[in-house]
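All letters in the sequence shown, in the order written, are residues -6 to 319 by the working numbering.
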Amino acid sequence: MKVDFIFCTESGYLEPMAKLLAFSIRNFGGQFSQSKIFSYSPRKSKRIHSSTVEVFEELQVDYVDEELNKDYKFYPIANKILSCAHRENNTDSDVLVFLDTDTLFLDPPEILNKVSPGEVYARPVDFKGIGTDRNYSGVNGEYWKKMFQILGLQDRGRYVNTTMDDQEIIEYYNAGLVITHRSNGFFTEWKKHFEKVMQADLKHKRKRIRNTDQATITASLISRDLDAISLDKRYNCPFHVQHKCKNEAYKVEKISELIHLHYHYVFSNRTGSNPLYDHLQGFEAGATINTKLLEYGVQRKMSSGEILEADFRSMINRVKRSIKFA
-6 MKVDFIFCTE
4 SGYLEPMAKL
14 LAFSIRNFGG
24 QFSQSKIFSY
34 SPRKSKRIHS
44 STVEVFEELQ
54 VDYVDEELNK
64 DYKFYPIANK
74 ILSCAHRENN
84 TDSDVLVFLD
94 TDTLFLDPPE
104 ILNKVSPGEV
114 YARPVDFKGI
124 GTDRNYSGVN
134 GEYWKKMFQI
144 LGLQDRGRYV
154 NTTMDDQEII
164 EYYNAGLVIT
174 HRSNGFFTEW
184 KKHFEKVMQA
194 DLKHKRKRIR
204 NTDQATITAS
214 LISRDLDAIS
224 LDKRYNCPFH
234 VQHKCKNEAY
244 KVEKISELIH
254 LHYHYVFSNR
264 TGSNPLYDHL
274 QGFEAGATIN
284 TKLLEYGVQR
294 KMSSGEILEA
304 DFRSMINRVK
314 RSIKFA
């Protein structure tokens, strides 16, 4: 079985993350460690530096420098969908694995051996977010009804529980790790639905484009009549929010239990510290990652501009919460 790993890299903070992700595949991917890795830079204005290309060459990463994102430059999340569809139509591999760049492997992803035609593997979203209950309540429900109407689809009556706050919602998955069999044509379908929703200018409350990539995963599963297999707690795990986990099936005690870690922003902070250092240092793969976090520059101190932006966002969120509960 042939596997392609896919992720996106643009100039800036994604570059060190991409190096670390590729390193983790090559060193902790087990039987898949020599699979093909493709890094995409879909926006022309965000080409990566030559030093990153050199690391990619060392790690045998195929760098795809092709302007795939011309119409949605304002929405960088579109990069993943456009890149996945491009790879799906330019490969003969059996299984395609999309990865958010701020993720890494700690153990071999043996679940790839199980992927069959007709199946897509992904983890349910951690928190409800824009997800909706089976009654399509409130503004979230209106968003989903409008999306299905735009795409000419109907809810097929399948539900998941969010992995952190344990709320039942219609099937809705995190796009940080998506695994599909090439024969499904899933990534091409994802692109088609994403573009149609974007062209319809469908937005969530407060006129925001929010999680359109994840909502259209659901639409693509329905339209292609594919089975969504929920990844277990070891995959695409946001270990840094485990203290908020109410879903027993997704509780993780030790980071060494994980196969695939989704670390988000935790290694970029005000002090330049590594808040997961002790958790990682206790086992061989984790200790190696601790070293590489510094070597590749993933672990870093936020700039003054980034701190100001973070403080501003925090203030806005506090105001929103105060209005909500007033």
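Heads up, the beta-carbon is just placed ideally off N, CA and C, and yes, glycines get one too.
Predicted model, so just to flag it, every value in this text is computed and none were measured.
Would you call LYS237 buried or exposed, if buried means 16 or more other Cβ atoms sit within 10 Å of its Cβ? By the C-beta density criterion, LYS237 is exposed, having fewer than 16 other C-beta atoms within 10 angstroms.
Could you tell me which residues DSSP pairs with LYS294 in its beta bridges? The partner list for LYS294 (beta bridge, DSSP) reads ASN262.
Segments of 3+ residues assigned as beta strand (DSSP E) that fall wholly inside the stretch 163 to 238: Taken in chain order, the whole beta strand (DSSP E) runs of length 3 or more contained in the stretch 163 to 238 are 166 to 174 and 220 to 223.
Got a sec? Which residues, its chain only, sit under 6 angstroms from GLU59 by beta carbon, not counting five neighbours each side? Cβ neighbours of GLU59 beyond the five flanking positions: none.
Please confirm whether ALA11 and LEU52 have their CB atoms less than 7 angstroms apart. Contact: no.
Which term fits VAL153, buried or exposed, when burial requires 16 or more other beta carbons within 10 angstroms of its beta carbon? By the neighbour-count definition (other C-beta atoms within 10 Å, threshold 16), VAL153 is a buried residue.
Going by DSSP, what residues sit across from ASP100 in a beta bridge? The beta-bridge partner set that DSSP reports for ASP100 is empty.
Using the C-alpha atoms, what's the distance from GLY23 back to LEU224? If I take the Cα positions, the gap works out to 19 angstroms.
In this structure, does DSSP put ARG116 in helix, strand or coil? If DSSP states are grouped into helix, strand and coil, ARG116 belongs with the strands.
ILE300 classed as buried or exposed, judged by whether at least 16 other C-beta atoms fall within 10 angstroms: With fewer than 16 Cβ atoms within 10 Å of its Cβ, ILE300 is classed as exposed.
Which partner residues does VAL54 have in the DSSP bridge list? For VAL54, which the question treats as bridged, DSSP gives the partners ILE30.
Do you know how far the Cα of ASN167 is from the Cα of ASN240? Those two C-alpha atoms are separated by around 16 angstroms.
If you run the structure through DSSP and keep just helix, strand and coil, what is ILE248? Helix at ILE248.
Nearest residue (CA-CA) to ARG227, options ILE202, ASP159, ILE248 and MET140: The residue with the shortest Cα to Cα distance from ARG227 is ILE248.
State the Cα-Cα distance for the pair LYS66 and ARG36, rounded to the nearest angstrom. In a straight line, the C-alpha of LYS66 is about 7 angstroms away from that of ARG36.
Buried or exposed: which applies to MET157, given that a residue is buried once 16 or more other Cβ atoms fall within 10 Å of its Cβ? Buried.
Candidates VAL118, HIS233, ARG80 and LYS196: which alpha carbon is nearest ILE143's? Nearest of VAL118, HIS233, ARG80 and LYS196 to ILE143, Cα basis: LYS196.
Determine, using beta carbons only, whether PHE(-2) and VAL90 come nearer to each other than 7 angstroms. Cβ atoms of PHE(-2) and VAL90: closer than 7 angstroms.
Buried or exposed: which applies to ASP85, given that a residue is buried once 16 or more other Cβ atoms fall within 10 Å of its Cβ? ASP85 should be labelled exposed.
Do you know offhand how far ARG149's Cα is from ILE215's? Using only the alpha carbons, I get a separation of about 7 angstroms.
What does a CB cutoff of less than 7 angstroms around ALA242 pick up in its chain, not counting 5 residues either side in sequence? Annotation for ALA242: LYS226 place their beta carbon closer than 7 angstroms to its own, counting only its chain and skipping 5 residues before and after.
Determine the direct distance from the alpha carbon of ASN133 to that of ASN82, and round the result to whole angstroms. ASN82 and ASN133: Cα-Cα distance of roughly 33 angstroms.
Any idea what DSSP makes of LEU92, helix, strand or coil? LEU92: strand per DSSP, three-state reduction.
Do LEU13 and VAL291 have their C-beta atoms closer together than 7 angstroms? In contact: LEU13 and VAL291 (Cβ atoms closer than 7 angstroms).
So, at 6 angstroms on beta carbons, what are the nonlocal neighbours of HIS272 in its own chain, with the 5 sequence-adjacent residues on each side left out? Cβ within range, chain order: ILE248.
Please classify HIS272: does DSSP put it in a helix, a strand, or coil? DSSP places HIS272 in the helix class (H, G or I) of the three-state scheme.
Could you say if the stretch 172 to 190 and the stretch 250 to 258 meet the contact criterion of at least three C-beta pairs nearer than 8 angstroms? Judged by Cβ distances under 8 angstroms, the stretch 172 to 190 makes no contact with the stretch 250 to 258, as fewer than three pairs qualify.
Using a Cβ-Cβ cutoff of less than 6 angstroms, which residues in the same chain neighbour GLN207 once the five nearest sequence positions on both sides are dropped? Closer than 6 angstroms at Cβ, skipping near neighbours: ALA168.
Is the distance from the Cβ of PHE0 to the Cβ of ILE74 below 7 angstroms? It is not a contact, given that the beta carbons lie outside the stated cut-off.
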